[in-house]
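The letter at position 162 of the sequence shown is residue 162 when you use this note's numbering, and the numbering goes up by one with no holes.
For each residue, glycine too, the CB sits at the ideal point set by N, CA and C.
Predicted model, so just to flag it, every value in this text is computed and none were measured.
Below: one structure, written as structure tokens.
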Amino acid sequence: MAEGQSGRPVGAKRRYYKYCSSHLTSILRRIYQPIMGKATKYLIVVGGATATGKTNLSIQLARHFGAEIISADSRQFYREMNIGTAKPSPEELEMAPHHFINSLSVEQDYSVGDFEKDALALLRSLFEKNDVAILVGGSGLFIQALCEGMDEFPEIPSETVAEVAEFYKEKGLEALQKELEKHDPDYFLKVDRNNPQRLMRAISVCRATGAPFSSFLQQGKRERPFQPIYILLEFDRELLYKRINQRVDDMMEAGLLEEAKNLFPKKQLNALQTVGYQELFDFLDGKKSLPEAFELIKRNTRRYAKRQMTWFRKYGQWQRFNPTDTAAIIDFINQEISR
């Protein structure tokens, strides 16, 4: 048998080196497995209140990273609601691939759980083509559902949802608050009590099931095959409110009243229980003058924006940026990806 300079047989030396290499590989794998197992797919999440420039930034990011955009604005899903939802223009939609815009009719029921399931399926397809995708919108619950998972709730009959919406329309916010406090005092202490959509959802569950809404809540995030990178767009409040007022002026000039007239026969639908339409429905019902409805849209949109910012500051690990600082946003995203 051949021998090396040390006198040890060559075959034995090879087996020894092979053992050392194998043992070292095993050790390194145990040490670095958490890093090796880290998600290599990234979901850039662009959040912020209405009128903070989310659409413009998301298109710039999509073009920079060669990525596609998923809308998490729950009212932009509906084909019939265009002007009042500040939906991207046809020109903007052509600048980057968009998903979940104009995907539904207002007559279709579509829950946050439906969105979670459908968006996860879409992301699996998008990540086969690119390591980066973009999620953009102001509907915090939809963002949370996709990034962290949602609690599972029983199916709520559309009749119950419509009844609660009508109850709110007739009795107002205070009546919603009192009913939720009666049926679920635990959730009443936690919920944003000035958010009628959140209150109506909880009351619908209570009415349909006979059980407290809070009894369906679970704790803990679900595993996701991607790493979210959270970008929050913020203007100072005075500037944001000026932008909101100007946006409402622009919507009215673009034909929001005519859009509301076309939707008026379906005003009871859940999709239409939203700012910008409800005020004009009151005008068309003869309950408000047009100038009153016009000013209420501005006021209620400002209040909605305030609720959005409260939610974003409470949930998620957001990195805050001025919406005009695109270069700094891209630098931050690149740093997160290269970690």
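Can you find the residues in the same chain that come closer than 6 angstroms, C-beta to C-beta, to residue i, ignoring five residues on each side of it along the sequence?
i       : result
Glu-179 : Ile-203
Ile-35  : Only weak support is given to the placement of Ile-35: the predicted model assigns it a pLDDT of 39, under 50, and the question is left unresolved by the model.
Leu-296 : Glu-279
Arg-222 : Gly-149
Leu-199 : Leu-176 and Leu-180
Thr-326 : Gln-60
Ser-58  : Val-46, Ile-69, Ile-134 and Val-136
Arg-243 : Ala-51
Pro-88  : Thr-55
Between the alpha carbons of residue i and residue j, how many angstroms are there, rounded?
i       : j       : result
Asp-192 : Arg-303 : 12 angstroms
Gln-33  : Arg-339 : Bear in mind that the predicted position of Gln-33 carries a pLDDT of just 38, short of 50, making it too unreliable to give a figure here.
Ile-69  : Asn-56  : 12 angstroms
Ser-26  : Leu-61  : With a pLDDT of only 41 at Ser-26, under the threshold of 50, the placement of this residue in the model should not be trusted; the figure read from the coordinates follows. Computed Cα separation, rounded: 40 angstroms.
Arg-247 : Gly-316 : 28 angstroms
Gly-172 : Leu-141 : 23 angstroms
Gly-286 : Ala-67  : 47 angstroms
Thr-324 : Leu-263 : 35 angstroms
Val-275 : Asp-250 : 15 angstroms
Pro-225 : Val-46  : 19 angstroms
Glu-336 : Gln-227 : 10 angstroms
Ala-145 : Ile-134 : 15 angstroms
Leu-120 : Ala-86  : 25 angstroms
Ser-289 : Cys-147 : 43 angstroms
Phe-321 : Gly-210 : 44 angstroms
His-99  : Ser-71  : 6 angstroms
Leu-269 : Asp-109 : 9 angstroms
Pro-90  : Asp-73  : 17 angstroms
Trp-311 : Ala-305 : 10 angstroms
Glu-253 : Leu-93  : 22 angstroms
Ala-313 : Gln-197 : Correcting the residue type first, residue 313 is Arg in the shown sequence and not Ala. C-alpha separation (whole angstroms): 19 angstroms.
Tyr-347 : Pro-265 : Nothing can be reported for residue 347, as the shown portion of the chain is limited to 1 through 339.
Name the DSSP bridge partner or partners of residue i?
i       : result
Ser-71  : Val-136
Ile-337 : DSSP, once it has assigned bridges, lists no residue as partnering Ile-337.
Gly-48  : Leu-233
Phe-216 : DSSP lists no partner for Phe-216.
His-99  : Ile-70
Phe-321 : Leu-233
In three-state DSSP terms, what is residue i?
i       : result
Gly-66  : coil
Val-106 : coil
Pro-228 : strand
Phe-413 : As displayed, the chain neither begins before 1 nor continues past 339, which places residue 413 out of reach and without an answer.
Gln-76  : coil
Tyr-315 : coil
Tyr-42  : strand
Phe-264 : helix
Arg-222 : coil
Ser-89  : coil
Asn-195 : coil
Glu-128 : coil
Thr-310 : helix
Asp-285 : coil
Asp-184 : coil
Starting from the C-beta of residue i, find all residues in its chain whose C-beta is less than 7 angstroms away, skip the five residues before and the five after it, and write them out in chain order.
i       : result
Leu-24  : Interpretation of Leu-24 is limited by its pLDDT of 48, a score under 50 that renders its predicted location unreliable; no figure is taken from the coordinates.
Tyr-241 : Arg-302
Lys-267 : Phe-281
Asn-245 : Lys-298
Lys-261 : Leu-284
Ser-103 : Phe-77
Gly-37  : In this prediction, Gly-37 scores a pLDDT of 46, lower than 50, which makes its location untrustworthy; no coordinate-derived value is stated.
Val-112 : Leu-141, Phe-142, Ala-145 and Met-150
Leu-122 : Ile-70 and His-99
Cys-206 : His-183, Asp-184, Pro-212 and Phe-213
Gln-319 : Tyr-230, Ile-231, Leu-232 and Phe-332
Using C-beta distances below 8 angstroms, list every residue in its chain close to residue i, excluding the 5 sequence neighbours before and after it, in chain order.
i       : result
Asp-186 : Pro-212 and Ser-214
Arg-63  : Met-95 and Ala-96
Gly-53  : Leu-233, Pro-323 and Thr-324
Looking at the ligand SAH, does it come within less than 7 angstroms of residue i, judged from the CB to the closest heavy atom?
i       : result
Asn-270 : No copy of the ligand SAH occurs in the structure displayed, which carries no ligand at all.
Is the stretch 318-335 touching the stretch 159-169, taking contact as three or more C-beta pairs under 8 angstroms? No: fewer than three Cβ pairs fall under 8 angstroms.
Given 8 angstroms as the limit, is there contact between the stretch 127-141 and the stretch 40-54, that is, 3 or more CB pairs closer than that? The stretch 127-141 and the stretch 40-54 touch, with no fewer than 3 CB-CB distances between them shorter than 8 angstroms.
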